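Before any comments, here is the structure.
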Amino acid sequence: MKTILHKLGAALPYLIFLLAVVLILNVVFALGRQETPSFLGYSVLHIKSGSMEPSIMTGDIIVVRKTDPDDLEVGDVITFKMRVEVDDVMILTTVTHRIETISGVGADRTFTTKGDANNAADTWSVTVDQLVGRYVFRSVLLGNVFQFVTAGGSSLIYVGAIVLFLLIGLSEGASIVKLLAAQRKEQLEAEKKQLVAELKEAIRNEETATISEPKTPE
106 MKTILHKLGA
116 ALPYLIFLLA
126 VVLILNVVFA
136 LGRQETPSFL
146 GYSVLHIKSG
156 SMEPSIMTGD
166 IIVVRKTDPD
176 DLEVGDVITF
186 KMRVEVDDVM
196 ILTTVTHRIE
206 TISGVGADRT
216 FTTKGDANNA
226 ADTWSVTVDQ
236 LVGRYVFRSV
246 LLGNVFQFVT
256 AGGSSLIYVG
266 AIVLFLLIGL
276 SEGASIVKLL
286 AAQRKEQLEA
296 EKKQLVAELK
306 EAIRNEETAT
316 ISEPKTPE
């Protein structure tokens, strides 16, 4: 049993790493499709402008958490959705700016925002239904990974990474199955030896009892 647990413990890091790789690459490709990946209330976004520099740099990957609007305060950095016109077409995009002022409560709460690098506050007000979440942290490394993976032809890395770690997982799984089979064989051998020993002991006891019986005189 200890050997099995040891083997499982050895395989666990591979499985966790595989899961992490798959999640990270799924995030990267979702961002590449202009989607907002979300997991357990956390969303991941790619920063495309310098309006929040130097706090958040162009190219960074940021994580935001879904938050009760009543918990937001002036100075918090929030991400929200809004429609903008691009080449005479209205598209839905996300913006990450810092809260300047707050008005109202509950569902009627609105926020005035401003980019750290901008000279003036935004001309719009953000409503509760536009909120994506409050900024938690940024990652330069994931930003670099995103830019690299979304480059032409590099999607092969995604497939290659999954195949590689699936092979590792299958190899570890096969090793565990072989180990279980070997241990079952050892257990059967031990039970067989014990049964043989018990039979020999029973025969010896019977022979001893026979020799010890007093002979009846004729």
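The sequence shown begins at 106 in the working numbering and counts up one residue at a time.
We put the beta carbon where it would ideally sit given N, CA and C, even for glycine.
Everything numeric in this text was worked out from a predicted model, so none of it was measured.
- Nearest neighbour of Ser-156 by Cα position, chosen from Gly-248, Lys-297, Val-191 and Arg-203, turns out to be Arg-203.
- For Val-182, the number of other beta carbons within 10 angstroms of its own is at least 16, and it is reported as buried.
- Contact between the stretch 237–251 and the stretch 170–180 is present, with at least three C-beta pairs closer than 8 Å.
- Going by beta carbons, Thr-201 and Ile-166 fall outside the 8 Å limit.
- At a cut-off of 3 residues, the continuous stretches assigned as beta strand (DSSP E) that sit fully inside the stretch 187–247 are 194–208, 215–219, 230–232 and 236–244.
- In this structure, Thr-199 is the residue among Ala-226, Glu-205, Thr-163 and Thr-199 with its C-alpha nearest to the C-alpha of Gln-235.
- The beta-bridge partner set that DSSP reports for Ile-183 consists of His-202 and Arg-239.
- Using a C-beta cut-off of 8 Å, the stretch 145–164 makes contact with the stretch 218–226, since at least three inter-stretch Cβ pairs fall below that distance.
- Between Ala-226 and the set Gly-180, Leu-285 and Ala-307, the nearest pair of CA atoms involves Gly-180.
- Boundaries cannot be given for Ser-160, as no beta strand (DSSP E) includes it and DSSP labels it neither H nor E.
- Non-local C-beta neighbours of Phe-216 in its own chain, meaning closer than 6 Å and more than five positions away in sequence, comprise Ile-204, Ile-207 and Val-231, ordered along the chain.
- Val-233 is the residue among Val-233, Val-194 and Glu-190 whose C-alpha sits nearest the C-alpha of Ala-212.
- For the set His-151, Arg-289, Gln-299 and Leu-284, the Cα lying nearest the Cα of Leu-247 is the one of His-151.
- Assignment of Leu-150 by DSSP, reduced to helix, strand and coil, places it in the strand class.
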